[in-house]
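Visitor:
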Amino acid sequence: MAADRITQAESVAQLQEVSDLIVVFTPERQENILSYFSDGNVSGGYTRTTGTVSQVLKGEPPEQLVITEECYLVDNVLWTQGGYLPMQEGESYLLFLTAYDRDSVYAGMYFPTELEKGKYPLTDEPLTASDSADAWEVYVIEGDDLHDYQDWYQQITALYPELF
1 MAADRITQAE
11 SVAQLQEVSD
21 LIVVFTPERQ
31 ENILSYFSDG
41 NVSGGYTRTT
51 GTVSQVLKGE
61 PPEQLVITEE
71 CYLVDNVLWT
81 QGGYLPMQEG
91 ESYLLFLTAY
101 DRDSVYAGMY
111 FPTELEKGKY
121 PLTDEPLTAS
131 DSADAWEVYV
141 IEGDDLHDYQ
151 DWYQQITALY
161 PELF
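Each residue of the sequence shown is one higher than the one before, starting from 1 at the first, in UniProt numbering.
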């Protein structure tokens with residue numbers, strides 16, 4: 001049974017508005033969290049990521065920021081939701097984060113708002129739409145999602161030029 005994901009933001013302006021936190025974050029530790037069926041097979045999972053917040057642009061992050069990433073590894077195979085790719089340890093990102101509800105089993109943790117569109121790698125040279133798809137592949141899967149991400153990325157770099 002397929003389920004559509006709820007869209008939180010349909011524009012960069014909405015992304016900024018609906019996100020509880022906007023931070024510059026460097027992941028330092030990633031932990032694969034798996035759940036299992038009664039027969040021992042993996043039923044799902046996520047990556048629990050912790051690290052350092054170096055700049056806060058919106059909100060008040062907890063002392064220890066914990067982020068759930070919509071991906072996990074099983075037998076060296078990456079399982080992902082909506083093409084989301086994990087952050088790389090030691091690399092800095094501009095993150096737009098949403099807090100889980102207080103009654104959630106994930107209460108106290110955050111997730112990237114709009115999956116990949118809530119995560120932007122901070123590099124010495126920002127990518128441009130004219131860069132090859134190969135240059136972009138570490139950020140998002142190909143096709144329509146890539147074009148959408150490129151558009152949002154360009155808007156984000158224009159809004160936060162001091163970070164890129």
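For every residue, glycine included, the Cβ atom is placed at its ideal position computed from N, Cα and C.
In this text the structure is predicted, and so the values were computed from the model without any measurement.
Going by beta-carbon coordinates alone, are G45 and S35 separated by less than 8 angstroms?
Guide: Contact flag set, yes.
Visitor: Please classify A158: does DSSP put it in a helix, a strand, or coil?
Guide: Correct three-state label for A158: helix.
Visitor: Taking three-plus beta-carbon pairs below 8 angstroms as touching, is the stretch 110-127 in contact with the stretch 83-90?
Guide: At 8 angstroms Cβ cutoff, the stretches touch.
Visitor: For Y110 and T47, I'd like the C-alpha separation in whole angstroms.
Guide: Taking the straight line joining both Cα atoms gives about 12 angstroms.
Visitor: Name the one or two DSSP bridge partners that T7 has.
Guide: According to DSSP, T7 bridges with nothing at all.
Visitor: Could you spell out the range, first to last residue, of the beta strand (DSSP E) harbouring E28?
Guide: Counting along the chain, the beta strand (DSSP E) containing E28 begins and ends at 21-36.
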